[in-house]
Amino acid sequence: MRKALALATLLLTVAACGGGGGGTPSGTGSSGPVKVTLIQGLAGEEFYETMACGAKAKAQELGVTLDVQGPQKFDPTLQTPIVNSVVAGHPDAILIAPTDVKALIAPLTQAKQQDIKIILVDTVVDDPSIGLSRISSDNLKGGGAAAKALAEQIGDKGKVLVISTDPGVSSVDARIKGFEEEIKASHPGISSLGVQYSNNDVAKASAIVNAALAKDPDLAGIFATNLNSATGAGTALQQAGKLDKVKMVGFDAGPAQVKQLQDGVVSALIAQLPGEIGAKGVEQAVAAVKGQPVTASIPTDATIVTKDNLNTPDIQKVLYKSGC
0 MRKALALATL LLTVAACGGG GGGTPSGTGS SGPVKVTLIQ GLAGEEFYET
50 MACGAKAKAQ ELGVTLDVQG PQKFDPTLQT PIVNSVVAGH PDAILIAPTD
100 VKALIAPLTQ AKQQDIKIIL VDTVVDDPSI GLSRISSDNL KGGGAAAKAL
150 AEQIGDKGKV LVISTDPGVS SVDARIKGFE EEIKASHPGI SSLGVQYSNN
200 DVAKASAIVN AALAKDPDLA GIFATNLNSA TGAGTALQQA GKLDKVKMVG
250 FDAGPAQVKQ LQDGVVSALI AQLPGEIGAK GVEQAVAAVK GQPVTASIPT
300 DATIVTKDNL NTPDIQKVLY KSGC
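Using numbering that gives the first Met the number 0, the letters of the sequence shown map in sequence onto residues 0 to 323.
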């Protein structure tokens, strides 16, 4: 009798461990495709759409099932419910561009506790334990490059203003730091008027520039740290008739920014490589799900785009797309 009970117990244990039980995440305990969700910082924005295109191409190459979601504004209160919904669906991995360094820690911790592999793309959170891999542009270096480009445009002298999105966004905070460090270290003839925040709103960025021109009519240059800030600032400069007097360097290279460059609204653009970030994110997610080595930090380059090099093949490859 004891032998029969022991054999029955053994068979039940084997069945529980070897079967496709309900507690096993899809893709990790079966031969099905790895399931990954990309949560963008802002749905529809060319930077994140280009990232999605890179992720989709790599997912197709690797046989990965990829879903893409994102909030309608770059706002943690809108992104958090999306994260919660995605976690409830239990994909094998999440690629995410967090919209705040602190607010997304709690929902991503919940994902981590459910053994969903988390890969951070473009932006990060303050908790270093979240994000098996962190993939983003070298934003500190990119900010320094923007400072050099702007200094050259304004003859290395005059007042400059930085327009950013919101404080607490890791990528743009690093750009600001790189810009300010380069100005302070190597450009004594340039006076910084500091940073003003547009909340990633085109109209607010435009209003900021209008107010700055009224207060400092001798403003020489503007560094716009992202796509919407550059769009709003450029509109204000056009309307004020200041394109020849105030030079602007913008971060990102979406279709609107390229048109600004062609029209002389901006003097230079700092283009990131969002498609590469998306592709590498999928690669790292698959590696994490399969228990293979994962690279903790992957920086990607940024490229200075000007009218002179805009139409070269290398630059055309790094311009952002509105869709795949």
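All C-beta atoms, glycine included, are put in the ideal place defined by N, C-alpha and C.
Source: prediction; values computed, not measured.
Inset, instruction - Give the straight-line distance between the Cα atoms of residue 157 and residue 314, rounded to the nearest whole angstrom. - result: Going by the C-alpha atoms only, they are around 30 angstroms apart.
Legend entry - Beta bridge counterpart(s) of residue 70 as assigned by DSSP: According to DSSP, which records beta bridges pairwise, residue 70 is partnered with nothing at all.
Inset, instruction - Take residue 308 and list the residues in its own chain whose beta-carbon comes closer than 6 angstroms to its own, dropping the five residues that flank it on each side. - result: 314.
Legend entry - For residue 161 and residue 191, the rounded distance between their alpha carbons: Computed Cα separation, rounded: 8 angstroms.
Inset, instruction - Answer yes or no: do residue 250 and residue 133 have a C-beta to C-beta separation smaller than 8 angstroms? - result: Taking 8 angstroms as the cut-off, the Cβ atoms of residue 250 and residue 133 do not count as close.
Legend entry - Alpha carbon of residue 50 to alpha carbon of residue 281, nearest angstrom: If you take the alpha carbons of residue 50 and residue 281, they lie about 11 angstroms apart.
Inset, instruction - State the Cα-Cα distance for the pair residue 128 and residue 319, rounded to the nearest angstrom. - result: Those two C-alpha atoms are separated by around 31 angstroms.
Inset, instruction - Work out the CA separation of residue 137 and residue 181 for me, nearest whole Å. - result: In a straight line, the C-alpha of residue 181 is about 15 angstroms away from that of residue 137.
Legend entry - residue 200 versus residue 31 - alpha carbon distance: About 42 angstroms.
Inset, instruction - Could you pull out every unbroken beta strand (DSSP E) segment of at least 3 residues lying fully inside the region 200-241, listed in chain order? - result: With a minimum length of 3 residues, the continuous beta strand (DSSP E) runs that stay inside the region 200-241 are 218-223.
Inset, instruction - Let me know the secondary structure DSSP gives residue 93 once reduced to three states. - result: In the structure shown, residue 93 sits in a strand (DSSP, three-state: E or B).
Legend entry - For residue 61, three-class secondary structure by DSSP: Of the three classes helix, strand and coil, the one that applies to residue 61 here is helix, per DSSP.
Inset, instruction - Note down, in chain order, each residue of its chain lying with its Cβ closer than 6 angstroms to the Cβ of residue 261, except the 5 sequence neighbours on either side. - result: A distance below 6 angstroms between beta-carbons, with the five flanking residues on each side excluded, links residue 261 to no residue of its chain.
Legend entry - Nearest-angstrom Cα separation, counted from residue 209 out to residue 61: If I take the Cα positions, the gap works out to 49 angstroms.
Legend entry - First and last residue of the uninterrupted alpha helix (DSSP H) at residue 75: Where residue 75 is concerned, the enclosing alpha helix (DSSP H) stretches over 75-88.
Legend entry - Cα-Cα separation between residue 107 and residue 117, rounded to whole angstroms: Straight-line spacing of the CA atoms in residue 107 and residue 117 works out to 8 angstroms.
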